[in-house]
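Numbering (full-length UniProt numbering), first residue to last: 1 to 451.
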C-alpha cells in the first residue's frame, strides 16, 4: 500500500453479538525495537510474532540500509546484526513512511555516529515535530539540518566523539527517553535520562535483555533515573513479540459496546505502562476477565475475555495518559455509548500524533451526533446508552490509522452507519484489522460496495 494511493472509504453498520477467539498481531513498540536492537547486536536475533505493518517494516528497511542482514524464514524473522558502534552510513535517505516511533528512535540510534543520515517520511509524518528528540541530540554534539519547525525532511551528522549527557525529559514521552538512551549506546561514558513521569519501559527492558549495561533507580518522589554505559556489546536474542495492547483496544471496545458479545483475545501484552485503557474501561463497568496471566520474555502477558457491558461515564485522571495515549480515540467511542459524562484530561500529547488526534476525535464524534466538548488538553463526552441517534456521518481520518479504526468500531453499535473517508492507512499498524473484525461478526465493508 502506498500513501499516495487513492483513498479507500469504508462503512461500519450495526452488528449483533460479536463472538470469537482471536489473537492480535504483535506489539508495535516491541516490534520496532526488535528490528532495531537485533540489527545493532552482534550475532543472530530471531523474532516470532512480529507486527508486519508498514511502520515496522520501514524500521527494518532502515536497519538493512545501515548494514543489518534481515530475512524471513516461515513465521520467523532472522537478523544478523552489525555490532554496536558498527552501523554504516546509508547510501540513500531513510524513508519512514508514517512511522513516528521508527523515525524518532532511529534518530537517537544513528545521531551519535560520525556520518550523515537523511530522514524522510510521508505527508503526515512530515508535519510532526521532531525537536523534542533533536534537542538532546544537539546537546550530545549532533548537527541537525531540518525543515522549518524541526520537521522532516532532516539530516543528522554526528560528531567524531559524542558527549554523554544527563537529560531530564520535559514531557511524558517514551520516544524521547528511548532516543536519548539509544544515542548513549554509541557514546563513551554514562548517559542518564531523568523521567519524572514513567512511560512505557520496553526500551529499558529490551536493552537489558540484549546485554546493555543499563540501570534504573526510582527516587523517593517517584522520579526514574536511567543510566546507560556506552560502547558496550549487545548480543543477538530470541524474541516472541506479545500482542499489541493498542491494537487489542479495537476488538475489545467493539465487544463491550455491541450487546450480547463474547470475545476472547489471546496473548495480550499487559505491561503496567500500557494497561491504562483496560483499567479505565473496568472503572466504567466493563466485563473484562484477565485469564492465564503469565510472563513471556520478561513481559506480562494474559488472555482477555470481553463481554457486552453497560458502561458508565468516569473521570480519567491526567496522570494515566502515558499508559493509554494511543487508546483515547477508541475510549472516546466507548464513552459515546456510556451513561453519563466521561472526562479525559492531560491530552496535550494527542495534538502531535499522526494527526491532531484530539480535534480529529472531537470532530468525528460531532459528525455522528455525539455530544462532546473539546478543550485545549481535554475531551468531555456525554454518552447515549444503546447508541440511539448516533451515526450517519462521515469521519475525516487525516491519514490517521487509529482515528479510522476507532470510528469503524463506533459504527458497529451506532443506530446509523458510520463511514470513514479512508481506510488505506490502517495497514500501517494493523493490516489484519478488517478480516479479524469481520471474523467475529462485525459488519464492515468498503463504502462503494455498501448496501
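Note that CB positions come from ideal geometry on N, CA and C, so glycine has one too.
The segment 144-163 makes contact with the segment 185-193: 3 or more CB pairs, one atom from each, lie closer than 8 Å. For the 8 Å CB-CB criterion, residue 130 and residue 104 form a contact. If you look at residue 446, you'll find it isn't in any alpha helix (DSSP H); it sits in the beta strand (DSSP E) that goes 443-446. Across the structure, residue 392 and residue 418 are spaced so that their CA atoms are roughly 6 Å apart.
The C-alpha of residue 310 lies about 19 Å from the C-alpha of residue 371.
Counting every other CB atom within 10 Å of its CB across the protein chains shown gives residue 219 a total below 16, marking it as exposed.
Nearest C-alpha to residue 305 among 16, 10, 21, 15: 21. Shortest Cα-Cα distance from residue 443 to any of 18, 128, 7, 283 involves 18. Take residue 361, set aside five residues on each side of it, and the residues of its chain with a beta-carbon closer than 6 Å to its own are 329, 332, in chain order. Per the Cβ contact rule, the segment 34-45 is in contact with the segment 55-70 (3 or more Cβ pairs under 8 Å). With fewer than 16 other beta carbons inside 10 angstroms of its own, residue 171 counts as exposed. Nearest Cα to residue 143 within the set 150, 155, 149, 132: 155. Only residues of its own chain outside the window of five on either side were considered, and among them 18, 261, 262, 263, 306, 307, 308, 440 have a CB closer than 8 Å to the CB of residue 255, listed in chain order. Residue 273 is a Cβ neighbour of residue 198, given a cutoff of 8 Å. Your pair residue 14 and residue 412 checks out as a contact, with CB atoms roughly 7 Å apart and the cut at 8 Å. Residue 344 sits in a strand when the DSSP states are folded into three classes.
Look at the segment 117-168 and you find these whole runs of alpha helix (DSSP H), each 4 residues long or longer: 131-139. Secondary structure at residue 262: strand, using DSSP grouped into helix, strand and coil. Within its own chain, the residues whose Cβ lies closer than 7 Å to the Cβ of residue 112, once the five positions on either side in sequence are excluded, are 140, 142, 158, 162, 183, 186, 187, listed in chain order. Residue 201 and residue 394 have their C-alpha atoms roughly 37 Å apart.
In the three-state reduction of the DSSP assignment, residue 217 falls in the strand class, which pools E and B. Residue range 357-367 is occupied by the alpha helix (DSSP H) that includes residue 366, with no beta strand (DSSP E) assigned at that position.
The continuous stretches of alpha helix (DSSP H) do not include residue 426, and DSSP gives it neither H nor E. Under DSSP, residue 12 forms a beta bridge with 418, 444. Per the C-alpha coordinates, the member of 388, 404, 72, 176 positioned closest to residue 9 is 404. Residue pairing from DSSP places residue 380 in a beta bridge opposite 343, 373. Taking the Cα positions, residue 215 is about 26 Å away from residue 245. Taking a contact to require three or more Cβ pairs closer than 8 Å, the segment 314-325 and the segment 291-303 do not qualify as touching. Beyond the five residues adjoining it in sequence on each side, residue 287 comes within less than 6 Å, by CB distance, of 307, 309 in the same chain, given in chain order. Taking the C-beta atoms as reference points, residue 229 is found no nearer than 8 Å to residue 179. Taking the Cα positions, residue 303 is about 44 Å away from residue 91. By the 16-neighbour rule on beta-carbons within 10 angstroms, residue 145 is exposed. Taking 8 Å as the cut-off, the Cβ atoms of residue 428 and residue 53 count as close. In the three-state scheme derived from DSSP, where H, G and I count as helix and E and B as strand, residue 315 is classed as strand. Counting only the Cα atoms, residue 408 lies some 13 Å from residue 367.
Judged by DSSP in its simplified three-state form, residue 200 adopts coil rather than helix or strand.
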